[in-house]
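Which chain is which? The protein sequence lines are A and B, in order.
For the first sequence, counting from 1, position 88 maps to 87 in numbering that gives the first Met the number 0; every step adds exactly one.
For the second sequence, counting from 1, position 135 maps to 134 in numbering that gives the first Met the number 0; every step adds exactly one.
Only one structure is covered here, and it is reproduced in the block below.
There are 2 protein chains.
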Amino acid sequence: MGEYAFDADTRVVASETSGASGASGADFAAELTGRWDGTNGAVNGGYMLAVCARALGLVVPFPDPIVISGFFLRPGMAGPAVVRTSLARSGRTTAFGEAVLAQGEKEIVRATAAFAALGSAGPAFVEGAPPRLPAPEDCVGVPVGSFGLATIAGRVEFRSASLPGWFRGEPTGRPSSEFWMRFADGRDADVYSLPLLVDSTAPSVLELGLTSTTIQLTVHLRAHPAPGWLACRAAARFVSGGYHEEDFEVWDSAGTLVAQSRQLAMVLPLLPA
Amino acid sequence: MGEYAFDADTRVVASETSGASGASGADFAAELTGRWDGTNGAVNGGYMLAVCARALGLVVPFPDPIVISGFFLRPGMAGPAVVRTSLARSGRTTAFGEAVLAQGEKEIVRATAAFAALGSAGPAFVEGAPPRLPAPEDCVGVPVGSFGLATIAGRVEFRSASLPGWFRGEPTGRPSSEFWMRFADGRDADVYSLPLLVDSTAPSVLELGLTSTTIQLTVHLRAHPAPGWLACRAAARFVSGGYHEEDFEVWDSAGTLVAQSRQLAMVLPLLPA
């Protein structure tokens, strides 16, 4: 049985020079593959954020990222990368670290994260519910990669009750959607892969005849996901001044909210196919 | 006419050693005052984030923070601080920088931000509206600092249609609220003070009989606010596993969404007064 694509493509290897700077942390080598490209042919931002999370996980003394913030300085391209990590603080319950993903001499992603041990103890309050969707087998596949160069469409599978308006050439004017999501090769999601998954879909603003590029993405990891399909909700509520936010909720097969993310993205015109 | 409290208390002064490291950026001296403390007597996190934003504004070549992420590693206390900034990238439309606020040898806040020139051009879509509130003069003042050591209650004024349940000793079980907000000394809000203002209210989870401490806060600055009262909406939708998110919207007097923020906070028991 082969290794899952996510695990193979986010592998990081400690560099020989690691720790030479004297800082608390380590440097890692990574190989970004061309299997997670967005429609513009650049490496998906969430994929790079997951590579950063995986490197940070090797230098912090807690098992779970609970919040990770990534700033996207430049497009990443398939090829070698380095991830320079530093441990900023390790406290009793929470540790904080930073990772800089660079290609050549250029910084591509600046990621900062807090780690802890996720549990289920304590008071609970939930305002909201998972999206109500037909069973995955009664849904249609959403062809996220049906335009452009989005190889990521071969890695992550999406299903929804009907085909999106933008795909039918009839943007609905409503930049929100609900759908099922999972890795195409059967790998179950975990807190390390959710930062990729929340950024893997087509932007909601396609329903406004627009597209966008991510400037910053914050992901909250709220629980360890149960195996199986993830029920998701994506929406942009505010498009103005050349920017929009995009919110994303991920609910697992047990009906638990497992991740919540928000990004700020720059609006781009949608070029004719 | 005296200087406004916000401007006086977020002043940063370039250090003589600035730039000695050779990195692109500068070090600044700041003096955190005891005028923005939360109920626990520690310096408010949004106040420290605003100090970081102000320092970053001096090293980036664009006028407006558009997104800032702050991780809160330790409580800050009134007294001297240093803010070490670095410019990570300056592109054609966007610049990225980082600020580390430290007291003594201890890192307190790690802030990362993107800057640009906010405009109002481009396509617009708004799903949502400002909260519908009685006029400020028909509202009651919300005594945010009515328990604990919250000196910030003297700096920021809040008004809502009725007193919150938590204040009356009857938590409503609904951790959401709508209210007016402004600086008590009449200073109008701008994109540099909004990172403070979005973190200046009592936590929504007080309505669940809980309180919390912020781990990470992301603020999107979406427009330059018009002068006057700000109409705000705060809510926690997901409390679980010892954490909760808190979402915050700020609408200006012209009915424009000017800021949107989300934080991840750790739930704490509410100690009896």
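We put the CB at the ideal spot given by N, CA and C, even for glycine.
All figures in this text were calculated on a predicted structure; none of them were measured in a lab.
- request: If I'm right that V66/B touches T217/B with Cβ under 8 Å, what's the distance once you round it to whole angstroms?
  value: Residue numbering aside, residue 66/B sits at position 67 when the second sequence is read from its first letter. Residue numbering aside, residue 217/B sits at position 218 when the second sequence is read from its first letter. Confirmed, about 7 Å.
message: Does the contact criterion of 3 or more C-beta pairs under 8 Å hold for the stretch 187 to 197 of chain B versus the stretch 189 to 206 of chain A?
response: no
task: Identify every run of the beta strand (DSSP E) within the stretch 98 to 145 of chain B, keeping only runs that are complete inside it and at least 3 residues long; order them along the chain.
output: 105 to 115
- request: Pull out every residue of the stretch 74 to 96 of chain B whose Cβ sits closer than 8 Å to any Cβ of chain A, in chain order.
  value: A87, R88, G90, T92, T93, F95
query: Checking contacts by CB at 9 Å: is L196/A closer than that to chain B?
result: What you label residue 196/A is simply residue 197 of the first sequence in a count that begins at 1. No, L196/A lies away from the interface with chain B (no Cβ there is under 9 Å from its Cβ).
- prompt: Counting pairs of beta carbons, one from the stretch 77 to 85 of chain A and one from the stretch 25 to 40 of chain A, are three or more of them closer than 8 Å?
  reply: yes
query: Between E126/A, P129/A, F71/A, Y242/A, which lies nearest to T111/A when the distance is taken from Cα to Cα?
result: Along the first sequence, read from residue 1 onward, the residue named residue 111/A stands at position 112. Among E126/A, P129/A, F71/A, Y242/A, the Cα nearest to that of T111/A is on F71/A.
Cβ-Cβ separation, A233/B to L256/B (assumed contact under 8 Å), whole Å: Along the second sequence, one-based indexing puts residue 256/B at 257. Along the second sequence, one-based indexing puts residue 233/B at 234. Wrong, their Cβ atoms sit about 14 Å apart, outside the cutoff.
task: May I ask which residues mark the beginning and end of the beta strand (DSSP E) holding P64/A?
output: Within the first sequence, numbered from 1, the residue matching residue 64/A stands at position 65. From DSSP, the beta strand (DSSP E) with P64/A extends over 63 to 71.
field: Distance CB(T93/B)-CB(A113/B) smaller than 9 Å
entry: Position 94 of the second sequence, counted from the start, is the residue given in the question as residue 93/B. Position 114 of the second sequence, counted from the start, is the residue given in the question as residue 113/B. Their beta carbons are under 9 Å apart, which means T93/B touches A113/B by this criterion.
- request: Taking V238/A as part of the beta strand (DSSP E), name the residues at either end of that continuous run.
  value: Within the first sequence, residue 238/A is the residue found at index 239, counting from 1. Run containing V238/A: 237 to 239, per the beta strand (DSSP E) assignment.
task: Pick helix, strand or coil for P268/A, following the three-state DSSP scheme.
output: Position 269 of the first sequence, counting from 1, holds the residue named residue 268/A. If DSSP states are grouped into helix, strand and coil, P268/A belongs with the strands.
task: List in chain order: all unbroken alpha helix (DSSP H) runs of 4+ residues lying wholly within the stretch 142 to 177 of chain A.
output: none
query: What is the DSSP secondary structure of E206/B, counted as helix, strand or coil?
result: Start at 1 with the first residue of the second sequence, and residue 206/B comes out as number 207. In the structure shown, E206/B sits in a helix (DSSP, three-state: H, G or I).
message: Given this structure, state the Cα-to-Cα distance separating P268/B from Y242/B, to the nearest angstrom.
response: One-based indexing of the second sequence puts residue 268/B at position 269. One-based indexing of the second sequence puts residue 242/B at position 243. One C-alpha to the other measures close to 12 Å.
- request: Could you tell me whether the Cβ atoms of G240/B and L117/A are closer together than 9 Å?
  value: Numbered from its first residue, the second sequence carries residue 240/B at position 241. Numbered from its first residue, the first sequence carries residue 117/A at position 118. Yes, Cβ-Cβ distance for G240/B and L117/A is below 9 Å.
task: Give the secondary structure of G21/A by DSSP, where H, G and I count as helix, E and B as strand, and everything else as coil.
output: Your numbering for residue 21/A matches position 22 in the first sequence. For G21/A, the predicted model reports a pLDDT of 46, less than 50, meaning its position is unreliable and no value from the coordinates is stated.
task: Note down the Cα distance separating E15/B from S23/B, rounded to an integer number of angstroms.
output: Along the second sequence, one-based indexing puts residue 15/B at 16. Along the second sequence, one-based indexing puts residue 23/B at 24. Using only the alpha carbons, I get a separation of about 15 Å.
task: Go to Y191/B, then tell me how far its beta strand (DSSP E) extends in each direction, as first and last residue.
output: As a working mapping, residue 191/B is identified with position 192 in the second sequence. Here Y191/B belongs to no beta strand (DSSP E), and DSSP marks it neither H nor E.
field: Spatial distance of P174/B from L205/B (CA atoms)
entry: Your numbering for residue 174/B matches position 175 in the second sequence. Your numbering for residue 205/B matches position 206 in the second sequence. One C-alpha to the other measures close to 7 Å.
task: Label V133/B either buried or exposed according to how many other C-beta atoms from any shown protein chain fall within 10 Å of its C-beta, with 16 as the threshold for buried.
output: Within the second sequence, numbered from 1, the residue matching residue 133/B stands at position 134. The question names Val, but residue 133/B in the sequence shown is Pro. By the 10 Å Cβ count, P133/B comes out exposed.
query: T217/A versus chain B: which residues are under 8 Å apart at the beta carbon?
result: Position 218 of the first sequence, counted from the first residue, corresponds to residue 217/A. Neighbours of T217/A on chain B, chain order: S68, Q215, T217, R261.
field: Close-in-space but distant-in-sequence residues of the same chain around A149/A (CB under 7 Å, 5 per side omitted)
entry: By one-based count along the first sequence, residue 149/A stands at place 150. Counting only Cβ-Cβ distances below 7 Å, and skipping sequence neighbours, we find D36, G37, T38, V143.
message: Just checking: is the beta-carbon of I151/A within a distance shorter than 9 Å of some beta-carbon in chain B?
response: Along the first sequence, read from residue 1 onward, the residue named residue 151/A stands at position 152. Output row for I151/A: interface = no.
- prompt: Can you tell me the Cα-Cα spacing of A49/B and D246/B, whole angstroms?
  reply: In the second sequence, residue 49/B corresponds to position 50, counting from 1. In the second sequence, residue 246/B corresponds to position 247, counting from 1. Spanning the two alpha carbons is a distance of roughly 18 Å.
task: Could you check what DSSP says for A13/B in three-state terms: helix, strand or coil?
output: Counting from 1 along the second sequence, the entry for residue 13/B is found at position 14. A13/B: strand per DSSP, three-state reduction.
- prompt: Just how far apart, CA to CA, sit A87/A and P60/A?
  reply: The residue labelled residue 87/A in the question sits at position 88 within the first sequence. The residue labelled residue 60/A in the question sits at position 61 within the first sequence. If you take the alpha carbons of A87/A and P60/A, they lie about 12 Å apart.
- request: Please list the partners that A288/A has in chain B, where partner means a Cβ-to-Cβ separation under 8 Å.
  value: There is simply no residue 288/A to check, as chain A begins at 0 and stops at 272 in what is shown.
message: Between R53/B and chain A, is the shortest Cβ-Cβ distance under 9 Å, so that the two count as touching?
response: Counting from one through the second sequence, the residue named residue 53/B turns up at place 54. False, the Cβ-Cβ gap to chain A never drops below 9 Å.
- request: Report yes if the C-beta distance between E244/B and A235/B is below 9 Å; otherwise report no.
  value: The residue given as residue 244/B occupies position 245 in the second sequence. The residue given as residue 235/B occupies position 236 in the second sequence. Yes, they are a contact pair.
- request: Can you have a look at A52/B and say buried or exposed, based on whether 16 or more other CB atoms are within 10 angstroms of its CB?
  value: Counted from its first residue, the second sequence places residue 52/B at position 53. Buried, since its Cβ has 16 or more Cβ neighbours within 10 Å.
message: Among the candidates G1/A, G127/A, L263/A, whose CA atom is the shortest distance from the CA of T213/A?
response: Position 214 of the first sequence, counted from the first residue, corresponds to residue 213/A. The shortest C-alpha separation from T213/A is found at L263/A.
field: Local Cβ density within 10 Å of G56/B, reported as buried at 16 or more and exposed below that
entry: Translated into positions along the second sequence, residue 56/B becomes position 57. The residue is buried, with at least 16 neighbouring Cβ atoms inside 10 Å.
Local Cβ density within 10 Å of E104/B, reported as buried at 16 or more and exposed below that: Stepping through the second sequence from its first residue, residue 104/B is reached at position 105. By the 10 Å Cβ count, E104/B comes out exposed.
- prompt: So which residues on chain A does V238/B lean against when the C-beta distance must stay under 7 Å?
  reply: Here the question's residue 238/B lines up with position 239 in the second sequence. Simply P122, A123, F124.
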